[in-house]
Amino acid sequence: MWSCYERSGVMARINLLPWREERRKELLNEFLIMLGVVALFSALTVGLVHFFHMQLIDFQNERISYIDKRIIEVDKKIVEIKELEKQKERLLSRMRAIESLQRDRPLIVHLFDELVRSMPEGMSITDLTQRQALITIQGEAQSNARVSSFMRKIEQSEWLKKAQLKVIKESKLNNKKTVNSFTLTFEQIVPTNESDDDIQQL
Numbered sequence: 032m033w034s035c036y037e038r039s040g041v042m043a044r045i046n047l048l049p050w051r052e053e054r055r056k057e058l059l060n061e062f063l064i065m066l067g068v069v070a071l072f073s074a075l076t077v078g079l080v081h082f083f084h085m086q087l088i089d090f091q092n093e094r095i096s097y098i099d100k101r102i103i104e105v106d107k108k109i110v111e112i113k114e115l116e117k118q119k120e121r122l123l124s125r126m127r128a129i130e131s132l133q134r135d136r137p138l139i140v141h142l143f144d145e146l147v148r149s150m151p152e153g154m155s156i157t158d159l160t161q162r163q164a165l166i167t168i169q170g171e172a173q174s175n176a177r178v179s180s181f182m183r184k185i186e187q188s189e190w191l192k193k194a195q196l197k198v199i200k201e202s203k204l205n206n207k208k209t210v211n212s213f214t215l216t217f218e219q220i221v222p223t224n225e226s227d228d229d230i231q232q233l
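Take the numbering used here: the final residue in the sequence shown is number 233, and no numbers are missing along the way.
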């Protein structure tokens, strides 16, 4: 016959095993549930991070697109401004040319008046250029003496000085006539007794 203690020990061994197995299953289920929750939370976190990352990329792309458009607009404005500056410079250049012509018109009148007075018969001017005060003329004369006479009259003029003969050469025309082609330079001056107001009134 078993004693009461032996009988209770047997009962404890019999009843304890199912409980442990049951507890192990519960812990396993709890672990799996927690693992699932963690996995779900991780997936949600990754999804949110990806979503906000994509949103940030879209925002940056929109900013870049906006900046690019603004840059294109600014570039167009710069081109327009440069074109306006060119037009302004052209207008100013024309205005300066007109002002120069208006200012120098009396001197030009004096120049041609002195040339007409100084040029002898048998002589013609074929080309005239002016750079500031320096005048260069090309022409034809029937003789060297007429060119020399022209240069002397230039030196005697109050408005023209420093006549220098650069080129003179003799050539024959189709009618066998001899002509002397020449190039000479001289300077146009303003007489000391002429004021600016007197010149402008001419």
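Glycine included, each C-beta is placed from N, C-alpha and C at the ideal position. Remember, it's a predicted structure, so these values are computed and weren't measured experimentally.
Rounded straight-line distance, which links the Cα of residue 123 to that of residue 175: By 1-based counting over the sequence shown, the position of residue 175 is 144. By 1-based counting over the sequence shown, the position of residue 123 is 92. Distance between the alpha carbons of residue 175 and residue 123 is about 46 Å.
Three-pair Cβ contact test at 8 Å for the stretch 165-184 versus the stretch 210-219: Touching, yes.
Cut-off 7 Å between Cβ atoms - residues of its own chain near residue 188, not counting five sequence neighbours on either side: The count along the sequence shown starts at 1 and reaches residue 188 at position 157. 145, 149.
Limits of the unbroken alpha helix (DSSP H) element including residue 176: The residue given as residue 176 occupies position 145 in the sequence shown. 175-187 is the span of the alpha helix (DSSP H), which, as asked, contains residue 176.
Residue 53 versus residue 92 - alpha carbon distance: Position 22 of the sequence shown, counted from the start, is the residue given in the question as residue 53. Position 61 of the sequence shown, counted from the start, is the residue given in the question as residue 92. Residue 53 and residue 92: Cα-Cα distance of roughly 57 Å.
When 141, 154, 98, 81 are compared against residue 211, the one with the closest alpha-carbon: Taking the first residue of the sequence shown as 1, we reach residue 211 at position 180. The option with the nearest alpha carbon to residue 211 is 154.
Unbroken beta strand (DSSP E) run spanning residue 153, endpoints: To locate residue 153, count along the sequence shown from 1; it is residue 122. No beta strand (DSSP E) contains residue 153, which DSSP labels as neither H nor E.
Per-residue DSSP class, three states only, for residue 220: Within the sequence shown, numbered from 1, the residue matching residue 220 stands at position 189. Residue 220 falls in the coil class under three-state DSSP.
Beta carbon of residue 215 nearer than 7 Å to that of residue 193: Taking the first residue of the sequence shown as position 1, residue 215 is located at position 184. Taking the first residue of the sequence shown as position 1, residue 193 is located at position 162. No; because the gap between Cβ atoms is not below 7 Å, this pair is not in contact.
Residue 172 - containing beta strand (DSSP E), residue span: What you label residue 172 is simply residue 141 of the sequence shown in a count that begins at 1. DSSP places residue 172 in the uninterrupted beta strand (DSSP E) bounded by 165-172.
Counted within 10 angstroms of its Cβ, other Cβ atoms place residue 178 as buried (16 or more) or exposed: One-based indexing of the sequence shown puts residue 178 at position 147. The residue is buried, with at least 16 neighbouring Cβ atoms inside 10 Å.
As assigned by DSSP and simplified to three states, the class of residue 208: Position 177 of the sequence shown, counted from the start, is the residue given in the question as residue 208. It is coil, neither helix nor strand.
Alpha carbon of residue 69 to alpha carbon of residue 77, nearest angstrom: On the sequence shown, residue 69 is found 38 positions in, with the first residue counted as 1. On the sequence shown, residue 77 is found 46 positions in, with the first residue counted as 1. Distance between the alpha carbons of residue 69 and residue 77: 12 Å.
Sheet register partners of residue 161 (DSSP bridge): As a working mapping, residue 161 is identified with position 130 in the sequence shown. Partner(s): 166.
Alpha-carbon spacing of residue 66 relative to residue 100, whole angstroms: Here the question's residue 66 lines up with position 35 in the sequence shown. Here the question's residue 100 lines up with position 69 in the sequence shown. Rounded to whole angstroms, residue 66 to residue 100 spans 50 Å at the Cα level.
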